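Each remark here refers to the structure printed beneath this line.
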Amino acid sequence: MNPFLVYHPTTRPSGRALARAMKIPYGLISHYSLCKADKIIRWGTIENPVLEQQVWRKIFNEEYNIRLASHKYRSLKKLRADGVPVPDFGLCDYRESQSGPLPINADGTLRETIFQRRFHHTRGTDIVITKQHEGYTWTLGNFWTKYIKPHKEYRVHVIGGQVIICQKKFWSEENMRQALAGERREEEPGDELAGFGEMVDLQYKRGRKDFIRNWSNGWFFHTMNNWSNMPANAIPTAIRAVESLGLDFGAVDIISTEEKDEQGKRKVYVLEVNTAPGIEGDSLLVYADKLWEMINAYA
Ligand SMILES: Nc1ncnc2c1ncn2[C@@H]1O[C@H](COP(=O)(O)OP(=O)(O)O)[C@@H](O)[C@H]1O
Ligand SMILES: [Mg+2]
Numbered sequence: 673m674n675p676f677l678v679y680h681p682t683t684r685p686s687g688r689a690l691a692r693a694m695k696i697p698y699g700l701i702s703h704y705s706l707c708k709a710d711k712i713i714r715w716g717t718i719e720n721p722v723l724e725q726q727v728w729r730k731i732f733n734e735e736y737n738i739r740l741a742s743h744k745y746r747s748l749k750k751l752r753a754d755g756v757p758v759p760d761f762g763l764c765d766y767r768e769s770q771s772g773p774l775p776i777n778a779d780g781t782l783r784e785t786i787f788q789r790r791f792h793h794t795r796g797t798d799i800v801i802t803k804q805h806e807g808y809t810w811t812l813g814n815f816w817t818k819y820i821k822p823h824k825e826y827r828v829h830v831i832g833g834q835v836i837i838c839q840k841k842f843w844s845e846e847n848m849r850q851a852l853a854g855e856r857r858e859e860e861p862g863d864e865l866a867g868f869g870e871m872v873d874l875q876y877k878r879g880r881k882d883f884i885r886n887w888s889n890g891w892f893f894h895t896m897n898n899w900s901n902m903p904a905n906a907i908p909t910a911i912r913a914v915e916s917l918g919l920d921f922g923a924v925d926i927i928s929t930e931e932k933d934e935q936g937k938r939k940v941y942v943l944e945v946n947t948a949p950g951i952e953g954d955s956l957l958v959y960a961d962k963l964w965e966m967i968n969a970y971a
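Residues 673 to 971 in the working numbering are what the sequence shown lists, from first letter to last.
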């Protein structure tokens, strides 16, 4: 067996750390060992789609499904069609707003707080927040999602239909300052932990920190030891989300709310599924193990 991990060196650095932990070769197709590779892990990259045409290879996370997951609007549509709970959303499109989905009153104010978003994005840099009762103005957004007031936010990592790691998001002032100063920039950052390019003032970030819970606003992931503290729906929902997008593995961003469903369980919503999540430390070893298990199951 010749496994290989394909990743994009500039944008998916945790791929390299993972390949090293798995002790398998990595890189792009020009690399010699990729030619004979029969098991391929795509770390969030659609480079070399020709690989999919050589059917003797098994590819974990095929190019088509990575494209689907990275197109945030298309993936929300697919998830919703499969019954996975997602926030309300619609196109930022004049025609669609006429037919109703945009939660807008006759006087042009919004019935709900919404985020206007781009089809492709990472780290929440694309998000334009328009609050309830404010007048709606067009921005460069391609689509909108209804803002869900979070109770907690989680990232649930799924490999081969099983949850392997659960993380919860935490905020601290110190994290936010470090992010602003770029101090916590890792040598091998993952997407969520990557350096923060632009310098934005603290006041501005504070205004957005409760809405956009990402690293650059002072939020970071903490691995949970006790999964029983998670909302009961989070784990099955994450598994269904990864399956819905046709992925072999993925890290599902989940938001929980104060609302309860008919069974009295806390409601959860899927925000997105990441195909190259930032991972570091012990999580790298867990990933390496579970990816090996998945590969071996196909041997
Ligand atoms: N509909 C929503 N309701 C509430 N918070 C949201 C919503 N969509 C995004 N967010 C917040 O913005 C963050 C980034 O959004 P996400 O969809 O995960 O995209 P990305 O991480 O690729 O930028 C989320 O972690 C969450 O804190
Ligand atoms: Mg996210």
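Virtual Cβ for every residue (Gly too), placed ideally from N, Cα, C.
Computed from a prediction, not measured in an experiment: that's the story for all the values here.
Between the C-alpha atoms of residue i and residue j, what's the straight-line distance to the nearest angstrom?
i      : j      : result
Met871 : Gly699 : For Met871, the pLDDT reaches just 44, beneath the cut-off of 50, and the residue's location in the model is therefore unreliable, although a value from the coordinates is still provided. For Met871 and Gly699, the distance between alpha carbons rounds to 32 Å.
Asp760 : His792 : 18 Å
Gly936 : Lys821 : 18 Å
Leu690 : Leu956 : 6 Å
Arg878 : Ser916 : 35 Å
Ile951 : Asn905 : 24 Å
Ile692 : Lys932 : Before going on, a small fix: residue 692 reads as Arg here, not Ile. Cα-Cα distance, rounded: 43 Å.
Arg849 : Trp891 : 11 Å
Ala851 : Trp887 : 7 Å
Lys756 : Ala913 : Here residue 756 is Val; the residue named in the question, Lys, does not match the sequence. About 6 Å.
Leu751 : Pro697 : 33 Å
Asp954 : Glu934 : 38 Å
Asn733 : Gln834 : 15 Å
Asn737 : Thr682 : 21 Å
Pro773 : Ile786 : 12 Å
Lys803 : Arg790 : 18 Å
Arg856 : Val727 : Low local confidence applies: a pLDDT of 48 at Arg856 is under 50, so the model's placement there is unreliable, with the coordinate-based value given in what follows. Each residue's alpha carbon lies about 42 Å from the other.
Lys962 : His894 : 20 Å
Gly807 : His823 : 27 Å
Trp843 : Asn946 : 21 Å
Arg688 : Gly796 : 24 Å
Val958 : Ser900 : 19 Å
Arg746 : Asn968 : 32 Å
His829 : Asp779 : 43 Å
Quick check: is any heavy atom of ligand 2 less than 7 Å from the C-beta of residue i?
i      : result
Leu748 : no
Asp882 : no
Leu690 : no
Leu943 : yes
Asp798 : no
Given 7 Å as the limit, tell me if residue i has its C-beta closer than that to any heavy atom belonging to ligand 1.
i      : result
Glu825 : yes
His793 : yes
Arg885 : yes
Phe787 : yes
Glu931 : no
Asp779 : no
Lys939 : no
Pro759 : yes
Asp925 : yes
Tyr819 : yes
Pro822 : yes
Which residues does DSSP list as the beta-bridge partners of residue i?
i      : result
Asn946 : Ala923
Tyr941 : Ile927
Tyr826 : Lys840, Ile926
Val678 : Gly699, Arg714
Leu782 : Ile776
Gln788 : Val800, Trp816
Gln834 : Ile831
Phe893 : Lys841
Ala761 : Looking at the sequence itself, residue 761 is Phe, so the reference to Ala does not match. Paired residue(s): Thr817.
Lys730 : Lys711
Lys932 : Arg938
Which one of the options has the shortest CA to CA distance from residue i?
i      : options                        : result
Pro721 : Asp920, Glu952, Val678         : Val678
Lys939 : Asp920, Ala910, Gly922         : Ala910
Met673 : Thr781, Asp710, Glu944, Thr683 : Asp710
Lys881 : Leu812, Gln804, Glu845, Gly922 : Glu845
Leu812 : Glu806, Gly922, Ile801         : Ile801
Ala902 : Thr929, Asn737, Phe676, Leu740 : A small correction: the amino acid at residue 902 is Met; Ala does not occupy that position in the sequence shown. The candidate whose alpha carbon is nearest that of Met902 is Thr929.
Cys764 : Ile712, Phe883, Asn898, Phe815 : Phe815
Asn897 : Asn889, Lys840, Arg783         : Lys840
Asn777 : Thr809, Gln788, Ile907         : Thr809
Asp798 : Gly918, Trp964, Phe883         : Phe883
Leu748 : Ala971, Val924, Ala853, Val958 : Val924
Could you tell me if the beta carbon of residue i falls within a distance shorter than 7 Å of some heavy atom in ligand 4?
i      : result
Asn897 : With respect to ligand 4, the structure shown offers nothing to examine, as its ligands consist of ligand 1 and ligand 2.
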